[in-house]
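Enquirer: Residue numbers (our numbering): 47 to 390.
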């Protein structure tokens with residue numbers, strides 16, 4: 047009974063994750079206005095989470111989570127899952143560095159080419175994910191595990207090294223974000239006190255920065271609450287329990303804590319960004335054949351009609367003036383002809 051309940055909860059959570067991550071990827075690819083440097087990191091994060099969602103769905107169909115098999119076979123089934131999890135764990139550090147660069151070096155951050163910049167910032171997460179996956183595969187013990195979970199496939203010494211690296215990376219991520227927030231607040235205060243900066247410019251800059259900080263803060267917060275907490279819990283279990291098989295029965299239920307992390311890119315951007323929210327509603331409108339959000343395009347049409355009516359009203363006085371001028375000229379010509387004929 048507990049197994050079926052867990053599978054049902056996991057299936058619902060992964061369905062929401064697939065729906066959200068696909069929406070994020072399609073929206074950023076479809077809308078040029080959304081393809082900023084920060085949004086490109088969100089899209090890459092959504093791709094990594096989509097791989098995790100699909101891997102979990104495949105595991106549900108084949109019932110890996112509650113099947114006993116060798117560690118090597120289980121690792122081969124979850125190798126993409128392992129890579130995606132390690133990649134997204136290190137990608138948060140790149141996202142924090144991106145925010146730091148946008149505050150400390152704003153001019154250089156703007157002139158850096160987007161494609162080269164995003165590619166360079168993704169090198170470290172790719173190297174970290176590849177190295178941890180290869181090392182974990184090389185040191186897989188020839189044993190059998192009661193549940194196919196990729197965390198149980200790795201040798202405990204290797205897992206302790208990887209988990210320590212993850213904890214250090216995410217601690218550094220939190221520190222960079224906090225320092226970036228402090229630096230941004232000080233910059234906004236200096237701009238507000240400067241004589242050459244207007245109040246509207248200061249308020250707009252502060253508002254834009256606060257939106258970016260809040261969105262990234264929520265992304266990192268959900269990550270820490272979900273995946274990072276699972277890493278810490280599993281690390282504590284390996285330190286406390288002498289025989290891991292005693293606690294293996296509780297491992298499948300850790301997926302409930304991890305699920306919010308794999309669908310957060312969509313829901314954070316939906317509630318934090320009006321541009322993303324509009325793009326998501328347009329896509330949902332098309333997906334439901336116009337039944338959802340039927341008035342999503344009414345604002346643009348009303349703006350166009352208002353603009354057209356304003357233009358016509360602006361041109362009307364000129365048209366009346368021209369016709370009045372013609373009438374006056376015609377009347378004057380007629381009066382001149384009449385006076386000439388009278389004189390004759």
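Glycine residues also receive a C-beta, built at the ideal position from the N, C-alpha and C atoms.
1. I need the DSSP call for residue 319, collapsed to helix, strand or coil.
2. Around the C-beta of residue 91, are 16 or more other C-beta atoms found within 10 angstroms, so that it is buried, or is it exposed?
3. Are the CB atoms of residue 67 and residue 95 within a distance shorter than 8 Å?
4. Count the other C-beta atoms from every protein chain shown that fall within 10 angstroms of the C-beta of residue 185, then say buried if there are 16 or more, exposed otherwise.
5. Can you have a look at residue 335 and say buried or exposed, based on whether 16 or more other CB atoms are within 10 angstroms of its CB?
6. What does DSSP give as the partner residues of residue 190 in its beta bridges?
7. Buried or exposed: where does residue 131 fall if 16 or more other Cβ atoms within 10 Å of its Cβ makes it buried?
8. Assign residue 137 to buried or exposed, taking buried as 16 or more other Cβ atoms, counted over all protein chains shown, within 10 Å of its Cβ.
9. Identify whether residue 281 lies in helix, strand or coil by the three-state DSSP scheme.
10. With a threshold of 6 Å on Cβ separation, who are the neighbours of residue 330 within its own chain once the five nearest residues in sequence on each side are excluded?
11. How close, in whole Å, do the beta carbons of residue 86 and residue 160 come, if the pair is a contact with beta carbons under 8 Å?
12. Please confirm if the region 312-331 is in contact with the region 133-151, defined as three or more CB-CB distances below 8 Å between the two stretches.
13. For residue 195, which residues in the same chain have their Cβ closer than 6 Å to its Cβ, ignoring the five residues on either side in sequence?
14. Can you tell me whether residue 308 is helix, strand or coil according to DSSP?
15. Any contact between the region 266-279 and the region 167-176? By contact I mean 3 or more CB pairs, one from each, below 8 Å.
16. Measure the Cβ-Cβ separation of residue 56 and residue 301 and say whether it is below 8 Å.
17. Tell me the DSSP secondary structure of residue 361 in three-state form.
18. Just to confirm the assignment, what range does the alpha helix (DSSP H) spanning residue 75 have?
19. Give the C-beta separation of residue 274 and residue 216 to the nearest angstrom, bearing in mind that I take them to be a contact with Cβ-Cβ under 8 Å.
20. To which residues of the same chain is residue 113 closer than 6 Å at the C-beta, ignoring the five residues directly before and after it?
21. Taking the straight line between their C-alpha atoms, what separation do you get for residue 151 and residue 230?
22. Taking 7 Å as the limit between beta carbons, can you name the residues of its chain near residue 181, skipping five residues before and five after?
23. Whole angstroms are fine: how far does the CA of residue 264 sit from the CA of residue 314?
24. For residue 353 and residue 71, I'd like the C-alpha separation in whole angstroms.
25. Between which residues of its own chain and residue 299 is the CB-CB distance below 7 Å, once the five residues before and five after are set aside?
26. Output the distance between the C-alpha atoms of residue 104 and residue 154, rounded to the nearest integer angstrom.
27. With distance defined between alpha-carbon atoms, name the residue in 232, 147, 174 nearest to residue 163.
28. Of all the options 278, 49, 60, which has the alpha carbon lying nearest to the alpha carbon of residue 111?
29. Kindly provide the ranges of any alpha helix (DSSP H) runs that are 4 or more residues long and lie completely inside the region 77-138, ordered along the chain.
30. Do the CB positions of residue 133 and residue 175 come within less than 8 Å of each other?
31. Evaluate residue 54 with the Cβ neighbour count: other Cβ atoms within 10 Å of its Cβ, from every protein chain shown; 16 or more gives buried, anything less gives exposed.
32. Which residue marks the beginning of the alpha helix (DSSP H) containing residue 155, and which one marks its end?
33. Is DSSP giving residue 180 helix, strand or coil here?
34. Quick one: grab the DSSP three-state call for residue 331.
Expert: By the coordinates alone:
1. Looking at residue 319 - three-state DSSP - the assignment turns out to be coil, as it is neither helix nor strand.
2. By the Cβ-count criterion, residue 91 is buried, with 16 or more other Cβ atoms from all chains shown falling within 10 Å of its own Cβ.
3. Taking 8 Å as the Cβ cut-off, residue 95 and residue 67 qualify as a contacting pair.
4. Answer is exposed; the Cβ neighbour count stays below 16.
5. Exposed is the call here.
6. Beta-bridge partners of residue 190 (DSSP): 116.
7. Buried, by the Cβ-count rule.
8. Taking every protein chain shown into account, the CB of residue 137 has 16 or more other CB atoms within 10 angstroms, so this residue is buried.
9. Collapsing the DSSP output to three states places residue 281 in a helix.
10. 338, listed in sequence order.
11. A Cβ-Cβ distance of about 7 Å is found for the pair residue 86 and residue 160, placing them in contact under the 8 Å criterion.
12. In short, these stretches do not touch, since the Cβ pair count stays below three.
13. Leaving aside the five residues that flank residue 195 on each side, the residues in its chain whose CB is nearer than 6 Å to its CB run, in chain order, 297.
14. Helix, per DSSP.
15. Touching, no, given that fewer than three Cβ pairs across the two stretches are closer than 8 Å.
16. Remark: C-beta atoms of residue 56 and residue 301 approach each other more closely than 8 Å.
17. In this prediction, residue 361 scores a pLDDT of 44, lower than 50, which makes its location untrustworthy; no coordinate-derived value is stated.
18. Start and end: 48-76.
19. Indeed they touch by this definition, with Cβ atoms about 5 Å apart.
20. Excluding sequence neighbours, residue 113 sits near 194.
21. Rounded to whole angstroms, the gap between the alpha carbons of residue 151 and residue 230 is 12 Å.
22. Within the same chain, Cβ atoms closer than 7 Å to the Cβ of residue 181 are found at 204, the five residues on either side in sequence being excluded.
23. Roughly 7 Å separates the two Cα atoms.
24. Low confidence applies here, because residue 353 scores a pLDDT of 48, under 50, leaving its location unreliable; read the following figure in that light. When rounded, the separation of the alpha-carbon atoms in residue 353 and residue 71 is 33 Å.
25. Within the same chain, Cβ atoms closer than 7 Å to the Cβ of residue 299 are found at 52, the five residues on either side in sequence being excluded.
26. Residue 104 and residue 154: Cα-Cα distance of roughly 44 Å.
27. Taking only the C-alpha atoms, the option nearest residue 163 is 147.
28. Checked all of 278, 49, 60; the closest Cα to residue 111 is 49.
29. The region 77-138 contains these whole alpha helix (DSSP H) runs: 83-108, 117-123.
30. Residue 133 is a Cβ neighbour of residue 175, given a cutoff of 8 Å.
31. An exposed status is given to residue 54, since fewer than 16 other beta-carbon atoms sit within 10 Å of its beta-carbon.
32. 152-157 is the span of the alpha helix (DSSP H), which, as asked, contains residue 155.
33. Of the three classes helix, strand and coil, the one that applies to residue 180 here is helix, per DSSP.
34. Correct three-state label for residue 331: helix.
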